[in-house]
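Just below is one structure, and these are the notes that go with it.
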Amino acid sequence: MKAKIAEKFKTLFGGEGDFFASAGRINLIGEHTDYNGGFVFPGAVDKGIIAEIKPNGTEKVCAFSLDMDEYVEFGLKEEDIPAQSWARYIFGVCREIEKRGWKITGFNTVFAGDVPLGAGMSSSAALESTFAFALNYLFDLNIEKFELALIGQATEHNYCGVKCGIMDQFASVFGKAGNLMRLDCKTLEYKYYPFHPDGYRLVLVDSVVKHELASSAYNKRRESCERAAAAIRKNHPEVEFLRDASMEWLMEVRADITEEDYMRAEYVIDEVQRVLDVCDALERDDYETVGEKMYETHYGMSKLYEVSCDELDFLNDIARECGVTGSRVMGGGFGGCTINLVKNELYDKFIEKAISSFKEKFGHEPKVYDVVISDGARKLQ
Ligand code: GLA
Numbered sequence: 089m090k091a092k093i094a095e096k097f098k099t100l101f102g103g104e105g106d107f108f109a110s111a112g113r114i115n116l117i118g119e120h121t122d123y124n125g126g127f128v129f130p131g132a133v134d135k136g137i138i139a140e141i142k143p144n145g146t147e148k149v150c151a152f153s154l155d156m157d158e159y160v161e162f163g164l165k166e167e168d169i170p171a172q173s174w175a176r177y178i179f180g181v182c183r184e185i186e187k188r189g190w191k192i193t194g195f196n197t198v199f200a201g202d203v204p205l206g207a208g209m210s211s212s213a214a215l216e217s218t219f220a221f222a223l224n225y226l227f228d229l230n231i232e233k234f235e236l237a238l239i240g241q242a243t244e245h246n247y248c249g250v251k252c253g254i255m256d257q258f259a260s261v262f263g264k265a266g267n268l269m270r271l272d273c274k275t276l277e278y279k280y281y282p283f284h285p286d287g288y289r290l291v292l293v294d295s296v297v298k299h300e301l302a303s304s305a306y307n308k309r310r311e312s313c314e315r316a317a318a319a320i321r322k323n324h325p326e327v328e329f330l331r332d333a334s335m336e337w338l339m340e341v342r343a344d345i346t347e348e349d350y351m352r353a354e355y356v357i358d359e360v361q362r363v364l365d366v367c368d369a370l371e372r373d374d375y376e377t378v379g380e381k382m383y384e385t386h387y388g389m390s391k392l393y394e395v396s397c398d399e400l401d402f403l404n405d406i407a408r409e410c411g412v413t414g415s416r417v418m419g420g421g422f423g424g425c426t427i428n429l430v431k432n433e434l435y436d437k438f439i440e441k442a443i444s445s446f447k448e449k450f451g452h453e454p455k456v457y458d459v460v461i462s463d464g465a466r467k468l469q
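Just so you know, we're using this note's numbering here: the sequence shown kicks off at 89 and counts up by one.
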């Protein structure tokens, strides 16, 4: 990938730039908890974005996406927003850096990626983090690492229409090979957890479906949570996010909120607790409990949060039938992958069965990705 990027860069712009990379992510547990001030448990993966970048001394960004085979130029002012959605991620990062008072100039770039699109592995965070990290380095801005993640998140909010939480950009910036990370999305405290589950493998099964309107459905979930938290806050002023609420407190306001908002909040309150339970289980190397919690998350995402779909529910059922330790829909939902914790000896049988029965039912094969927990944003040599 690097060689192809370098070749195109030379043809388009002449000369050479510096290379930067960042990663997509998995999340062991803690889904839709980030924007509720709860905990998440992600790690960066060995699939990501690589970009070659060189400042060009003008006020213009000249960008080529190898994957889209498309060239776009845009300026750095608010009104220069490009039409192409991929370019908006880069533009957004530039704008968010400038809005925070740092100064950058234009640059030339060619980039490519291997995070499967629509798989729920956060290709967009990989793109944002690559550029946030790179621009910080190239223009010597001294932006703190957490701020780089926040710049990526603000890009999603203000230029891409997704009111996402901080998990993806955090994972993509802070990822460390061999480690998952527990992030408290309220205090922003985090801890690395070396993850080498002896006797098990983590594998993603990608349904290769991506449902339309995923971002508006995502934003609606967030609004439900905010309404439920606001209702609880009337009785318990200390509740800033749903993470601060108990099931008892949610029950007190059941009659004041819609059944839908109640279900969403119920899922979130349970899920925040599940992350903590998984952390405890990991301390004891108790992967059976980790797996049980993953199935509980799937149930909640499917029946209460309603972000699963037939394909993902089917993959989850197959995992259970095959005796897989843990399985659940990963990421925002509405398509994408399941993440599966599988005993080594069951791996082949599970994958074979998942592929064949999925194909029989839905007419196409799912894709399978082994999880390799890797480094996040970095400069390449
Ligand atoms: C998407 C968002 C994240 C998070 C997950 C669900 O990936 O970008 O902030 O909310 O969905 O856990």
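Even for Gly, the Cβ is constructed at its ideal location relative to N, Cα and C. Since the structure is predicted, the reported quantities are computational estimates derived from the model, not experimental observations.
Heavy atom of the ligand ZN within 8 Å of residue i beta-carbon
i: Glu-166; result: Among the ligands modelled here, namely the ligand GLA, the ligand ZN does not occur.
Own chain partners of residue i with C-beta closer than 6 Å, once the 5 adjacent residues on each side are dropped
i: Met-209; result: Gly-112, Val-203
i: Asn-144; result: Gly-194, Phe-195, Asn-196
i: Ala-465; result: Ser-110, Ser-217, Phe-221, Val-261
i: Ser-153; result: Trp-174
i: Gly-180; result: Thr-243, Tyr-247
i: His-324; result: Trp-337
i: Leu-205; result: Ser-211
i: Leu-468; result: Phe-107, Ala-109
i: Asn-307; result: Lys-251
Among the options, the one whose alpha carbon lies nearest that of residue i
i: Gly-105; options: His-120, Phe-227, Ala-139; result: Ala-139
i: Val-327; options: Leu-290, Ser-303, Lys-274, Ile-443; result: Lys-274
i: Asp-256; options: Arg-416, Val-291, Thr-218; result: Thr-218
i: Asp-344; options: Lys-322, Pro-130, Asp-332; result: Lys-322
i: Ala-259; options: Gly-201, Phe-199, His-299, Asp-134; result: Asp-134
i: Glu-161; options: Glu-167, Asp-155, Leu-154, Ala-175; result: Ala-175
i: Asp-349; options: Tyr-225, Arg-362, Tyr-393; result: Tyr-393
i: Glu-376; options: Gly-287, Phe-422, Glu-314, Pro-325; result: Gly-287
i: Gly-379; options: His-452, Val-291, Phe-446; result: Val-291
i: Glu-359; options: Ile-137, Asp-458, Phe-101, Phe-127; result: Phe-127
i: Gly-103; options: Val-198, Asn-267, Phe-179, Ala-407; result: Val-198
i: Leu-238; options: Ala-207, Glu-384, Arg-188; result: Arg-188
i: Glu-277; options: Phe-450, Phe-234, Tyr-383, Ala-132; result: Phe-234
i: Ile-137; options: Phe-107, Val-460, Phe-422; result: Phe-107
i: Phe-129; options: Ile-443, Val-366, Phe-422; result: Val-366
i: Gly-423; options: Ser-396, Ile-461, Ala-316; result: Ser-396
i: Ile-93; options: Glu-167, Met-156, Ala-200; result: Ala-200
i: Ile-185; options: Pro-170, Asp-228, Gly-131; result: Asp-228
i: Asp-155; options: Ile-231, Lys-90, Glu-409; result: Lys-90
i: Ser-445; options: Val-460, Leu-468, Ala-407, Lys-467; result: Ala-407
i: Ile-231; options: Ile-254, Trp-190, Ala-207; result: Trp-190
i: Phe-438; options: Phe-450, Gln-469, Arg-289, Glu-167; result: Arg-289
Cβ-Cβ separation, residue j to residue i (assumed contact under 8 Å), whole Å
i: Ser-211; j: Pro-454; result: 18 Å between Cβ atoms; not a contact.
i: Asn-124; j: Arg-331; result: 5 Å
i: Gln-241; j: Cys-252; result: 6 Å
i: Val-363; j: Thr-146; result: Between Thr-146 and Val-363 the Cβ distance is about 46 Å, and since that is not below 8 Å, they are no contact.
i: Ala-265; j: Asp-463; result: 5 Å
i: Leu-236; j: Ile-141; result: Actually they do not touch by this definition, with Cβ atoms about 15 Å apart.
i: Phe-329; j: Ala-317; result: 6 Å
i: Ile-461; j: Ala-132; result: 7 Å
Close Cβ partners of residue i (< 8 Å) along its chain, the five nearest in sequence each way excluded
i: Cys-182; result: Val-149, Leu-164, Ile-192, Phe-219, Leu-223
i: Arg-309; result: His-120, Arg-352, Tyr-393, Val-395
Beta-carbon contacts of residue i that lie in its chain and below 7 Å, excluding the five residues immediately before and after
i: Ile-320; result: Val-327, Ala-333, Trp-337, Leu-338, Val-341
i: Ser-303; result: Gly-249, Val-250
i: Gly-411; result: Leu-434
i: Tyr-177; result: Ser-212, Leu-215, Glu-216, Thr-243, Cys-248
i: Met-382; result: Ile-117, Gly-414, Ser-415, Arg-416, Leu-429
i: His-299; result: Cys-397, Phe-422, Gly-423
i: Tyr-280; result: Lys-264, Asn-267, Met-269
i: Arg-315; result: Ile-345, Asp-349
i: Gln-361; result: none
i: Lys-441; result: Ile-406, Cys-410
i: His-452; result: Val-296
Inter-stretch contact (C-beta, 8 Å, three-pair minimum) for the stretch 348-355 and the stretch 322-338: yes
Stretch pair the stretch 414-432 + the stretch 112-122: three plus CB contacts closer than 8 Å: yes
Entirely enclosed alpha helix (DSSP H) segments - the stretch 102-176, minimum 4 residues: none
Three or more C-beta pairs below 8 Å linking the stretch 283-298 and the stretch 392-403: yes
At least three beta-carbon pairs within less than 8 Å, the stretch 387-401 to the stretch 370-378: no
Three or more C-beta pairs below 8 Å linking the stretch 432-439 and the stretch 417-424: no
Inter-stretch contact at 8 Å, needing at least 3 Cβ pairs: the stretch 90-99 / the stretch 231-245: no
3-residue-minimum beta strand (DSSP E) runs that sit fully inside the stretch 254-284, ordered along the chain: 267-272, 278-282
Any beta strand (DSSP E) of 3 or more consecutive residues that is wholly inside the stretch 364-437: 414-417, 423-431
Ranges of the beta strand (DSSP E) found wholly within the stretch 178-206, counting only runs of at least 3: 195-201
Completely contained beta strand (DSSP E) runs for the stretch 284-350, where each covers 3 or more residues: 288-298
Any beta strand (DSSP E) of 3 or more consecutive residues that is wholly inside the stretch 433-467: 455-458
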